Amino acid sequence: MGKINEKVYKVLCEVYAAEIGAVGIYMDQHTKCADMGYQKLADMLKNDAIDEMKHAEALAERILMLGSTVKYQKHIVPEEKQNDIVTMLKLNINIEIEAIERLNSGITICFHEKDHGSRMLLEEILKSEEKHLSELQTKVNNTEKFGNQYIVTHLM
1 MGKINEKVYK
11 VLCEVYAAEI
21 GAVGIYMDQH
31 TKCADMGYQK
41 LADMLKNDAI
51 DEMKHAEALA
61 ERILMLGSTV
71 KYQKHIVPEE
81 KQNDIVTMLK
91 LNINIEIEAI
101 ERLNSGITIC
111 FHEKDHGSRM
121 LLEEILKSEE
131 KHLSELQTKV
141 NNTEKFGNQY
151 IVTHLM
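Numbering (full-length UniProt numbering), first residue to last: 1 to 156.
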């Protein structure tokens, strides 16, 4: 294709960097939760990490298809000492909220720049992130409402 639109390129690279950061955090949490015996939660986090990895892959493929290269940027990294599951889930809620805001902004930019292929890709990722957010909020709300009973039944 021709020269990539700089505004769209910036959006795609920013979303890519955020997705890579989320992969690392969710995989770190997955292994910690599995080690602490929270297998159901660990499985959910692993699946979320895989979803984020697929998002990153699709973004990289789109950038390459548009004739550019992935620009690597600083991304968030896991906290080594993080072991409280509610704290983990609340961090993930914030990650997903930021992702949704970034994607909505990016979708608007792609629309205005008439790059509807990139817009559609971001819309697909947005739907996935909204689903992750809803699942995380439900887990935090139920953990706060029902405590250890919910944790034992639904997260272990």
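For each residue, glycine too, the CB sits at the ideal point set by N, CA and C.
Just so we're clear, the structure is a prediction, and the values are computed from it rather than from any experiment.
Where residue i sits in the DSSP three-state scheme
i: Asp115; result: coil
i: Tyr38; result: coil
i: Gly67; result: coil
i: Gln73; result: coil
i: Asp43; result: helix
i: Gln82; result: coil
i: Ile107; result: helix
i: Lys3; result: coil
i: Gly147; result: coil
i: Met53; result: helix
Nearest-angstrom Cβ-Cβ length linking residue i and residue j, presumed shorter than 8 Å
i: residue 157; j: Ile100; result: Coverage of the chain is limited to positions 1 through 156, which leaves residue 157 absent and any answer about it impossible.
i: Val140; j: Leu91; result: Contact flag wrong, Cβ pair sits at about 11 Å.
i: Arg102; j: Glu14; result: 6 Å
i: Ala18; j: His30; result: With a Cβ gap of about 18 Å, Ala18 and His30 do not count as contacting.
i: Tyr16; j: Ala56; result: 6 Å
Residue i classed as buried or exposed, judged by whether at least 16 other C-beta atoms fall within 10 angstroms
i: Tyr9; result: buried
i: Gly21; result: buried
i: Val23; result: buried
i: Val86; result: exposed
i: Glu61; result: exposed
i: Lys81; result: exposed
When the Cβ atoms of the stretch 137 to 154 are set against those of the stretch 67 to 81, are three or more pairs found closer than 8 Å?
no
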